[in-house]
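What follows is a short report on a single structure.
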Amino acid sequence: MTDPVIRTLDDSTAHLFDTMPDPLRMREKHQRTRFRPEWQRVALRDGRVVARAAWWGRPEDTEPLLINWFDVAEGEEEAGAELLRSAPWQVDELELDLPTGWRDLPDLRTATETRFTAVRKAGYELLVERYNYRWTPECRLPERPGRLVFTGEPDDGVFLDILRAINSDTLDAHARRAVEEGGVELAAQEDLEIFHWFPSPREWWQVARTPDGEPVGIHIPARNPVGACIGFIGVLPEHRGHGYAYDLLVECTHFLVEQSAEFIGAATDQGNLPMAAHFARAGYPVVRERVNFRADTAVSAG
Numbered sequence: 023m024t025d026p027v028i029r030t031l032d033d034s035t036a037h038l039f040d041t042m043p044d045p046l047r048m049r050e051k052h053q054r055t056r057f058r059p060e061w062q063r064v065a066l067r068d069g070r071v072v073a074r075a076a077w078w079g080r081p082e083d084t085e086p087l088l089i090n091w092f093d094v095a096e097g098e099e100e101a102g103a104e105l106l107r108s109a110p111w112q113v114d115e116l117e118l119d120l121p122t123g124w125r126d127l128p129d130l131r132t133a134t135e136t137r138f139t140a141v142r143k144a145g146y147e148l149l150v151e152r153y154n155y156r157w158t159p160e161c162r163l164p165e166r167p168g169r170l171v172f173t174g175e176p177d178d179g180v181f182l183d184i185l186r187a188i189n190s191d192t193l194d195a196h197a198r199r200a201v202e203e204g205g206v207e208l209a210a211q212e213d214l215e216i217f218h219w220f221p222s223p224r225e226w227w228q229v230a231r232t233p234d235g236e237p238v239g240i241h242i243p244a245r246n247p248v249g250a251c252i253g254f255i256g257v258l259p260e261h262r263g264h265g266y267a268y269d270l271l272v273e274c275t276h277f278l279v280e281q282s283a284e285f286i287g288a289a290t291d292q293g294n295l296p297m298a299a300h301f302a303r304a305g306y307p308v309v310r311e312r313v314n315f316r317a318d319t320a321v322s323a324g
């Protein structure tokens with residue numbers, strides 16, 4: 023068996039990326055995602071593509087932020103790992119969006135576990151498994167509970183204060199990781215940076231309060247590069263246990279529909295059982311399952 027040849031693609035070789043089978047329906051998932059050919063790589067053995075990966079970043083980024091497409095043929099796990107290890111860019115997260123129920127279908131489970139093996143060989147470890155949701159008008163628009171008052175807030179400091187409190191006791195794996203690395207301040211700042219990154223108006227951000235004016239939490243209706251999304255839902259620790267996250271989710275949904283959203287994307291950690299229950303109650307179906315891997319140090323040998 024000849025050694026694999028690893029290539030970074032360009033406009034003239036971009037077609038190679040589409041020559042592998044797609045058992046996990048990644049093309050369906052990424053039909054709205056724009057990838058740069060020069061941030062795509064393949065491993066070839068005897069002229070056949072046996073592994074592929076795509077790095078993603080925002081239009082303004084000069085280097086990618088993460089890997090969000092990775093495929094490897096069965097038996098080619100080491101070639102797939104080397105494809106990731108030898109990349110010239112340093113990223114600390116890799117995510118795979120998988121068909122729902124992948125563990126229950128033997129072919130999908132085998133294909134998924136092959137990719138997991140290669141990812142771990144490359145130096146990544148599991149961070150979290152998530153549910154991906156997609157609301158459409160056919161899902162019905164949930165009725166507003168009417169318990170809270172929602173208002174805009176121009177002061178970022180108000181959102182930072184609330185985010186610090188939310189992240190002091192959170193089930194979200196990414197926030198917990200940030201807290202471990204730099205405390206609640208880092209977690210709050212990372213959240214705020216994401217809010218500002220969304221290509222949707224800052225004026226959309228809202229604080230939820232009780233009728234007597236006490237803050238309960240925040241919700242961030244947003245648009246990302248592929249469409250409308252639930253940017254963030256968070257309830258202050260002292261107000262948890264009353265189902266207020268559902269109220270925020272419903273308001274966020276109504277807000278985006280009023281902004282002519284044709285669909286709304288969302289996600290939550292599978293371990294966040296209360297939030298998953300709120301999404302189900304609000305009529306959000308699970309359309310994919312996302313598995314996020316992280317590296318203790320950025321993975322790259324390039």
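So for the sequence shown, the numbering used here puts the first residue at 23; every next one is plus one.
Every residue, glycine too, gets a C-beta built ideally from N, C-alpha and C.
Using a C-beta cut-off of 8 Å, the segment 150–168 makes contact with the segment 299–311, since at least three inter-stretch Cβ pairs fall below that distance. In this structure, the alpha-carbon of Ala65 lies about 12 Å from that of Arg107. Per DSSP, Thr136 is one residue of the alpha helix (DSSP H) stretching across 128–143. Annotated three-state conformation of Gly293 is coil, per DSSP. Proximity to Pro223 across Gln211, Pro176, His196 peaks at Pro176, based on C-alpha coordinates. For a cut-off of 8 Å, the C-beta gap from Val141 to Phe172 is around 41 Å, too long to register as a contact. Counting along the chain, Glu115 sits inside the beta strand (DSSP E) bounded by residues 113–120.
Annotation: Arg198 to His261 spans about 20 Å, alpha carbon to alpha carbon. In terms of CA proximity to Thr232, Arg169 leads the group Arg74, Gly253, Arg169, Gly102. Leu31 is a Cβ neighbour of Arg63, given a cutoff of 8 Å.
At a Cβ-Cβ threshold of 8 Å, Arg316 and Glu115 count as neighbours. For Gln62, the uninterrupted beta strand (DSSP E) segment begins and ends at 62–67. Leaving aside the five residues that flank Arg303 on each side, the residues in its chain whose CB is nearer than 8 Å to its CB run, in chain order, Pro164, Tyr268. Relative to Gln228, the option among Pro45, His276, Pro81 whose CA is nearest is His276. Comparing C-alpha distances from Ala244 to each of Ala288, Leu208, Val206 shows the shortest one belongs to Ala288.
Pro243 carries a strand assignment under DSSP once its states are collapsed to helix, strand and coil. Counting only runs that start and end inside the segment 248–298, the beta strand (DSSP E) elements of at least 3 residues fall at 249–257, 286–291. Ranked by how close their Cα comes to the Cα of Asn189, the residues Gly179, Glu212, Asn314, Lys51 have Glu212 in first place.
Secondary structure note for Asp178: it is in no beta strand (DSSP E), and the uninterrupted alpha helix (DSSP H) holding it is 178–189. Between the beta-carbon of Ala230 and that of Ile240 there is about 7 Å, and that keeps the pair under the 8 Å contact cut. Glu99 sits close to Thr136, with the two beta carbons spaced by under 8 Å. Look at Leu31 here: in three-state DSSP terms it is coil, with no helix or strand label.
Cβ-Cβ distances below 6 Å link Ala283 to Ala250 in the same chain, with the five nearest sequence neighbours on each side left out; the list follows chain order. Counted as a single uninterrupted DSSP element, the stretch harbouring Leu106 is not any beta strand (DSSP E) but the alpha helix (DSSP H) occupying residues 99–107. Of the candidates Tyr146, Ala101, Val201, the residue whose Cα lies closest to the Cα of Met23 is Ala101. Taking every protein chain shown into account, the CB of Asp194 has 16 or more other CB atoms within 10 angstroms, so this residue is buried. Note on geometry: alpha-carbon atoms of Asn90 and Ala76 lie some 6 Å from one another. Boundaries around Trp77 are those of the beta strand (DSSP E), 70–78, since no alpha helix (DSSP H) includes it. Rounded to whole angstroms, the gap between the alpha carbons of Asp44 and Glu96 is 13 Å. Counting only residues of its own chain and dropping the five nearest sequence neighbours on each side, Val72 has a CB closer than 6 Å to the CB of Ala65, Ala95, Glu98, Ala101.
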